Amino acid sequence: MSKTYKIAVIPGDGIGKEVMPEGLRVLEAAARRFGIRFEFTHIAWASCDYYQQTGQMMPDDWKAQLQGQDAIFFGAVGWPATVPDHVSLWGSLLKFRREFDQYINLRPVRLFEGVPCPLANRKPGEIDYLVVRENTEGEYTNLGGVMYAGTDREIVIQESVYSRFGADRVLKYAFELAQGRPRRHLTVATKSNGIAISMPWWDGRADAVGAGYPSVTVDKQHIDILSARFVLQPGRFDVVVASNLFGDILSDLGPATTGTIGLAPSANLNPERNFPSLFEPVHGSAPDIYGKNIANPVAMIWSGALMLQFLGEQAAHDAILKAIEQTLASGPRTRDLGGEADTTEMGKAIAELI
Ligand code: ATP
Ligand code: MG
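The sequence shown begins at 1 in UniProt numbering and counts up one residue at a time.
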């Protein structure tokens, strides 16, 4: 008897509420075809509507409410007209990432047929790599302060913090990922020429962890040239691993080279499965297009495919990707892709192919 996956469904705000039904439609289609069972728990909190009613983004016992779930399927959060973005973000998504120790941020980058590419002369298949961002330490600390504030002698310090534990676990994840792909190639983002303490150390951790993966070829690249190559030679990449700040930048730059933000999915993973992992589109709540049902649902749908893959349902993941591929190539397509279809039509087309 197959397992039932318990999924917390959190649409959030704005177009999160419009793309979520399409994400679920496609998951249900995949479930029917592959004999998978889901138990969805629909959650209205982690949204600005909830904040307006209660003065907080989530109930006090949010962690307990989510603890038994296998995964969180998340739309988008943020409605700046009523709640400042830092309040909505820190009150929801960033709490999940931190308190559920989702230390891997994974973003696939892929160019599809039928999607106009902002890079000249790139063919589908030529851009196909994964960005793995360390999601918990590095530059994103609140350690530091301002001295002599407001005077000509003003000084600001903000520390970066890396731990062997934190670096090794993300590097290990990236090596494992690379080892399981046909090209077995890992690019390690660094800046050991300029950031002369932490980055040589990071390179050393990559060597130490990499010693356990002799079949993976490793290429350490400084973040500046690496960024340029994302644009100029994207075919070089297979798996790319980076510390928090560099990974943040690369994981926006990569998807930007493959067309519309409406396609890019992401996973925030706790690979040990001590806590639920979270799957969400890269895009935000897009207040400018909310209410028209014109948002591209692919990023949400692809995030659902990543969730199935993480749950061990590789065949279902592959089927969804194939259906996305086919729909992007021959329609219907939403307006951001130059088409006329609405969110629902595109979601239905993908579900029907499955
Ligand atoms: P965040 O707050 O998460 O950083 P943001 O508010 O900066 O995100 P988005 O909400 O992602 O940005 O919107 C950026 C632009 O992309 C907007 O013009 C929006 O309409 C467009 N956009 C975002 N998602 C989609 C989508 N799924 N389909 C079509 N257009 C989209
Ligand atoms: Mg926003």
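Note that CB positions come from ideal geometry on N, CA and C, so glycine has one too. Small disclaimer: the values here were computed from a predicted structure and weren't measured.
Item                                                                                                                                                              : Value
Could you check the C-alpha separation between residue 108 and residue 149 for me, to the nearest Å?                                                              : 43 Å
May I ask you to report which of helix, strand or coil DSSP gives residue 5?                                                                                      : strand
Let me know the secondary structure DSSP gives residue 19 once reduced to three states.                                                                           : helix
What does the alpha-carbon distance come out to for the pair residue 48 and residue 200?                                                                          : 43 Å
Residue range of the beta strand (DSSP E) that residue 104 falls in?                                                                                              : 104-110
Which residue marks the beginning of the alpha helix (DSSP H) containing residue 53, and which one marks its end?                                                 : 48-54
For residue 44, name the three-state secondary structure that DSSP assigns.                                                                                       : coil
Among 267, 271, 304 and 353, which has the Cα closest to the Cα of residue 105?                                                                                   : 267
Evaluate the contact criterion for the stretch 31-50 versus the stretch 270-282: three or more CB pairs, one atom per stretch, below 8 Å.                         : no
With a threshold of 8 Å (Cβ to nearest heavy atom), would residue 86 be considered close to ligand 1?                                                             : no
Kindly confirm or deny that the stretch 5-23 and the stretch 296-304 touch, where touching means at least three C-beta pairs closer than 8 Å.                     : yes
Is residue 260 near ligand 1 - that is, is its Cβ less than 8 Å away from at least one heavy atom of it?                                                          : yes
Among 13, 18 and 10, which one has its Cα closest to the Cα of residue 355?                                                                                       : There is simply no residue 355 to check, as the chain begins at 1 and stops at 354 in what is shown.
Give the single residue among 312, 230 and 235 whose Cα lies nearest to the Cα of residue 246.                                                                    : 230
Work out the CA separation of residue 316 and residue 308 for me, nearest whole Å.                                                                                : 7 Å
I'd like to confirm something about residue 285: is its beta-carbon nearer than 8 Å to some heavy atom of ligand 1, or not?                                       : yes
In terms of alpha-carbon separation, which member of 168, 164, 152 and 144 lies closest to residue 158?                                                           : 144
Please report how far the alpha carbon of residue 338 lies from the alpha carbon of residue 331, in whole angstroms.                                              : 10 Å
With DSSP collapsed to three states, give me the class of residue 252.                                                                                            : helix
Using a Cβ-Cβ cutoff of less than 7 Å, which residues in the same chain neighbour residue 1 once the five nearest sequence positions on both sides are dropped?   : Only weak support exists for where residue 1 lies, its pLDDT of 49 falling under 50; the coordinates are left without a value.
What ranges does the alpha helix (DSSP H) occupy inside the stretch 86-160, keeping only unbroken runs of at least 4 residues that lie completely in it?          : 93-99
Compare the beta carbon distance of residue 302 and residue 264 with 9 Å and say whether it is the shorter of the two.                                            : yes
Tell me, to the nearest whole angstrom, how far the beta carbon of residue 167 is from that of residue 202; I am working on the premise that it is less than 8 Å. : 6 Å
Can you check DSSP and say which residues form a bridge with residue 268?                                                                                         : 105 and 278
Within 8 Å: the Cβ of residue 299 and any heavy atom of ligand 1?                                                                                                 : yes
Rounded to whole angstroms, what's the CA-CA distance from residue 253 to residue 178? Just pull it up for me.                                                    : 20 Å
Classify residue 165 as buried or exposed, calling it buried when 16 or more other Cβ atoms lie within 10 Å of its own Cβ.                                        : exposed
Quick check: residue 129 and residue 240, are their CB atoms within less than 9 Å of each other?                                                                  : yes
Pairing CB atoms from the stretch 179-190 with CB atoms from the stretch 209-221, are three or more of them under 8 Å?                                            : yes
To the nearest angstrom, how far is it from the Cα of residue 259 to the Cα of residue 147?                                                                       : 44 Å
On the DSSP letters alone, give me the boundaries of the alpha helix (DSSP H) that residue 224 sits inside.                                                       : 223-232
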